[in-house]
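Per my numbering, numbering through the sequence shown is continuous, rising by one, with the last residue being 155.
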Amino acid sequence: MKRKELIRVEGLLPRAFHLGHITYTVVLEEPMERLRIVSTFDKHKIEPEHRDELAHACREAIHHYVPLDQVPPAAMDRLLNIPKTEINLSVFFNEELVGCMLKDLTRKEIVLSPEDSTVGFLPFTPRPGVLKIVLHVQNVLNDNTHYTLAVEGD
């Protein structure tokens, strides 16, 4: 069976987009053997030009709980490496959950099939109906964070 591209989208997210959902809907018009969903994004960590601003915000928050002179520089460096952008995803078919992937990866690849769906997803036979993919966006650290979503069927 020939691979068919069902949807390919991309976008740019603004800095400070902290908790939101982006939904894409695809109508499956014919039965298929399997689906492949690939989601990517860039700018996982804070860009160097914003690191001082992040450090200032961290110090402002910390000083409400602990005197800053009690925070060793190595601890502050560790704190500055914690923030990250994350985009996870959930997949629904005809409004029923098929599964979700909540991994700290900038590239997520999911296969949906009757025998060997990706871990976290139910066995699934692609058939006519409505496929909904929800991107769960958390804590965009940098302007113009680029993301993509592609769905292909065999």
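Ideal Cβ positions, reconstructed from N, Cα and C, are used throughout, including at glycine. This one's a predicted model, so the numbers in the text were calculated from it and none came from an experiment.
| Item | Value |
| --- | --- |
| Quick check on this structure: which residue in H45, L103, H51, Y25 has the alpha carbon closest to the alpha carbon of I134? | Y25 |
| With DSSP as the reference, label M102 as helix, strand or coil. | strand |
| Do you know how far the Cα of D105 is from the Cα of E87? | 7 angstroms |
| Just how far apart, CA to CA, sit V39 and P68? | 45 angstroms |
| Report buried or exposed for I111, applying the criterion of at least 16 other Cβ atoms within 10 angstroms of its Cβ. | buried |
| May I ask you to list the residues that DSSP assigns as paired with Y25? | I134 |
| Give every residue of the same chain whose Cβ lies closer than 7 angstroms to the Cβ of T41, excluding the five residues on either side of it in the sequence, and list them in chain order. | T107, R108, Y148, T149 |
| Just the Cα atoms here: how many angstroms apart are D155 and L90? | 21 angstroms |
| As a quick exercise: from L98, E50, A56, D70, pick the residue whose alpha carbon is nearest that of D78. | A56 |
| From the DSSP output, in three-state form, read off H212 for me. | Any property of residue 212 remains undetermined from this structure, which presents the chain solely from 2 to 155. |
| Tell me the DSSP secondary structure of R4 in three-state form. | coil |
| Taking the CB atoms as reference points, tell me whether L136 and L29 lie closer together than 7 angstroms. | no |
| Looking at the structure shown, is H45 part of a helix, part of a strand, or coil, going by DSSP? | coil |
| Which residues mark the beginning and the end of the beta strand (DSSP E) in which A17 is found? | Neither: A17 is in no beta strand (DSSP E) and is coded neither H nor E. |
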